[in-house]
Every structure is written in structure tokens, then in C-alpha cells.
Amino acid sequence: MKAGRTLTIAQPAAAKLSPAQKKFNSLVKRIAEQRELLAQWELAVPLYRERRTREFSPLLDEYRVLNVQMVRTLHEAFGRKGLTKTERATIGALITDLAGSLADSAPDEALRAEMKQRYNDHAGTDFDDDGAEGDAMARQMARELFGMDIPDDLDMNSPEELMRHIEQQMRAEAEAAPARPAKKPGKREQQAAEQAQQANQSLREVYRKLASALHPDREPDPAERARKTALMQRVNDAYANNRLLELLQLQLEAEQIDPAQLASLSAERLKHYNHVLAEQLDGLRHEVAASEGAFVMEFNLHPLQQLKPAGLMDTLRHQIAQLSMDTHQLRQQLPLLLEDLPTFKRWLKMQREALQAQQDDDLLSLFGR
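As numbered in numbering that gives the first Met the number 0, residues 0 to 368 make up the sequence shown, in order.
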């Protein structure tokens, strides 16, 4: 058996490829690209997760401890004499922002309860009520991202629980799809059903030819039987998942077909092949999107951030550098809160300007600028 041969229809010397032949080649190429992208995600995410746990998480723990100290110190400073109403409002805004984030990520219930109380003291609203609104927004984002319903009782602060639910619902929908009551099909639906049936028949024909040639029970040589057993496992897996491209590639490797035979396929047969390949491409795109969506949810990243597997480590290096810088700055800022009042007031002015700049940036991003 020859491996590594390219499954493509070569252009004849004296003729052009037909539209269907061009589509076949295009589908084969795009399927290969999506398969490579999916493999990159499957390889990159565990590496990202391991390095994040090793380098980012300890920094994040230190940053959290410093922020807890900041909330406690600011809460005590709120009652200092000589502060203006604007300065107290700045302190309240800082506490609300920090305490809300810390309550969401607190490693224990005692710290979570403390941060919730500090939030309630300064926000003018209730943390749990605000959290319910935030959960509703996160739930809606997940619905739009994955195209499925997210129950109200699902913990939106647990990416693991969310992904388990999504995987379970995807399996349930796939299993329930054939059982749905069918309405009377229209002409377009009937044509689509006939095309799908013919495409499935083409898939079965390729499978039968491979099974006939590779069935291990008909092979007397033990080594050859073991090789064919492994190949039949690939054949069965490809057929069970409607992956025509893998079946055709196996035919090419088994020398059941060659590029010349591909070029001589009838227009009707090629149409059926293209139908199955298009479905396979669509399925791969969904798998890639699901991998990216799961990554975004697990690590609480912005859903609109452009991510590529090859760039995940660069993204993580930037995150580590930024968090390291933020931790260093916070470590330097904490003593300023205990300094004399003029120094504390200057620090509050800087924080108020930073908060206003952040609000301006958020407003601009809301309008896509």
C-alpha cells in the first residue's frame, strides 16, 4: 500500500477542469485545512493550560492577595477626615470594582462573604442581584456562541460545568434528530433528501469496496492480517462518521483508485461526492468553532478576540507579562494608601482619571470605534 499520495483531480493537458471537479479539489483542500486547524487546537490547548497553571496561576494568586489588601485598606480609608465627596466616590468605585471581581473568584466562602459585603457597602446595590444580571448576560452570550439553550440554574462561573452541559446537549440533539416527526416535504426538501440518499449510497459503495479488499478474516498471513485489521478500524471509523475524504484516501492508498480514475468520475457521481464532502467540511468547521469556544469559556477570554492555535503561547506570554507588571504596580501602590493625606489624595486623583479613561474606552468599544 502506498501512503502520502495526494487525493486531487489533476487538470488534463488538453482540457479544463469542470466546475464540479474544481469544487471537489477545493473541498478536499479546505477539509485538509480545517483538519489541520482542529489538530492544532487539540495540541495547543493542553500546552497553554499547563504553562498557564505553572506560570500564570501563581502570579494570579499573589495579585488576588494584594487586591484583598487593597479593598480592606480602602474600606478603612473611606472614613478618613479631610476627603471630599468626589474622593469618597472614587474610593467606593474602586472597592466596588475590586470586591466584585474578588467575590467571583474567591477561593473560600469566608473571603467571598467578606468581599460581597464590601461590594454591598459601596455599590449601592446588592452583589447577588447584580450577579444574576451578569449571569443572564453570560448565558445569552453562551447561547449565541454555541447556538443552544443554557438553563437558568447552570453555574455560569464554572466553565467546566458549562462545557459538560454543551457536550451533553450536542449529543442529545444528535441522537434525537432522527426521531423528530417529519412534516410533508416540499419539492426542494424532497430533492435535498434524494440527493442525500444518493450521496449516502456513494459513501456505502466506497466503504464496501474497501471492506472487501481489506477484510482481515480473509488474510492468512498474521502480519498482513494485523495490518488490515488496523486499516479496517480506520475504514469503519471514517464510514461511521460520514468522512468520505478518508475513505477515498484509503482507496488511493490501497490502489483501488488513482488520479486518472478520479478525473473520469461521472458528473453525477462527483455531485454526490461533493455533497458528502461539503457536509464533512461543515462538520469540521463546527468542531473547530466548538474547540475555540470551549477555550474562550475555560479561560474567561473575550469572545470576540481573534485567536489562532499558533498564537496561544504569544497570548499567554503577553498575559503573564501584563499580570507581572500589574502585580508590581499594586505592590508599590499599597503603601501610598497609608501615607499622609496629600499623598493619598494625589493617588486618588490618578485612580479617578484612570477610571474615567476606562469608561471612555468602554463607551468607544461599544460603538465599534
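C-beta: ideal position from N, C-alpha, C; glycine also.
| field | When L300, E286, T342 are compared against E32, the one with the closest alpha-carbon | value | E286
*Indicate the three-state DSSP secondary structure (helix, strand or coil) for D148 in the structure shown.*
coil
Candidates K80, R87, R63, of which the one nearest R351 by Cα: R87
### Query
What three-state label does DSSP hand G81 in the structure shown?
coil
Fill in: Exposed unless 16 or more other CB atoms sit within 10 angstroms - verdict on Q279
buried
*Looking at C-alpha atoms only, which residue of E297, M312, A309, M69 is the closest neighbour of I165?*
E297
Review point. Which whole-angstrom value describes the C-beta separation of L244 and I30, a residue pair presumed to lie in contact below a C-beta threshold of 8 Å?
Key: 5 Å
- Task: Return yes when the Cβ of A122 is within less than 8 Å of the Cβ of M114, no when it is not.
- Result: no
Report yes if the CB atom of M69 is closer than 8 Å to the CB atom of L329, and no otherwise. yes
Which listed residue (L213, P219, E218) has its alpha carbon closest to that of Q232:
L213
TODO: Using alpha carbons as the reference points, say which of S323, K348, M324 lies closest to L335.
DONE: K348
Check your understanding: For I319, which residues from the same chain have a beta carbon less than 8 Å from its beta carbon, with the 5 sequence-adjacent residues on both sides left out?
Key -> E54, F55, L58
**Prompt:** Between L247 and Y47, is the Cβ-Cβ spacing less than 8 Å?
**Reply:** no
Checklist line | For Q305, the three-state DSSP class (helix, strand or coil) | finding: coil
Secondary structure, alpha helix (DSSP H): runs of 4+ residues fully inside the region 279 to 361: 311 to 332
### Query
Roughly how many angstroms lie between the CA atoms of L354 and V295, to the nearest whole one?
26 Å
Quick one: what's got a C-beta closer than 8 Å to A277's C-beta in the same chain, skipping five residues either side? L26
(message) Whole angstroms are fine: how far does the CA of Y238 sit from the CA of L16?
(response) 28 Å
Is R48 a contact residue of the ligand ADP, with contact defined as CB to any heavy atom under 7 Å?
Summarising the ligand content, the structure contains no ligands, and the ligand ADP is consequently not present.
Problem set entry | Exposure of E291, with buried meaning 16 or more beta-carbon neighbours within 10 Å | buried
Do L42 and N66 come within 8 Å of each other at the CB atom, strictly closer than that value? no
*Burial state of A98, where buried means 16 or more other Cβ atoms lie within 10 Å*: buried
*asked:* Let's see if you can read the secondary structure: which residues bound the alpha helix (DSSP H) around K21?
replied: 18 to 50
Practice task
Rounded to whole angstroms, what's the CA-CA distance from D220 to E204? Just pull it up for me.
Solution key: 27 Å
Taking the C-alpha atoms as reference points, what is the distance between S211 and K22? 29 Å
Reduced DSSP category for E218 - H, G, I as helix; E, B as strand; rest coil
coil
Legend entry - Endpoints, alpha helix (DSSP H) assigned at Q68: 56 to 76
- [ ] Using alpha carbons as the reference points, say which of A356, F343, A288 lies closest to L76.
- [x] Correcting the residue type first, residue 76 is Ala in the shown sequence and not Leu. Looking at the Cα atoms, F343 is the closest of the given residues.
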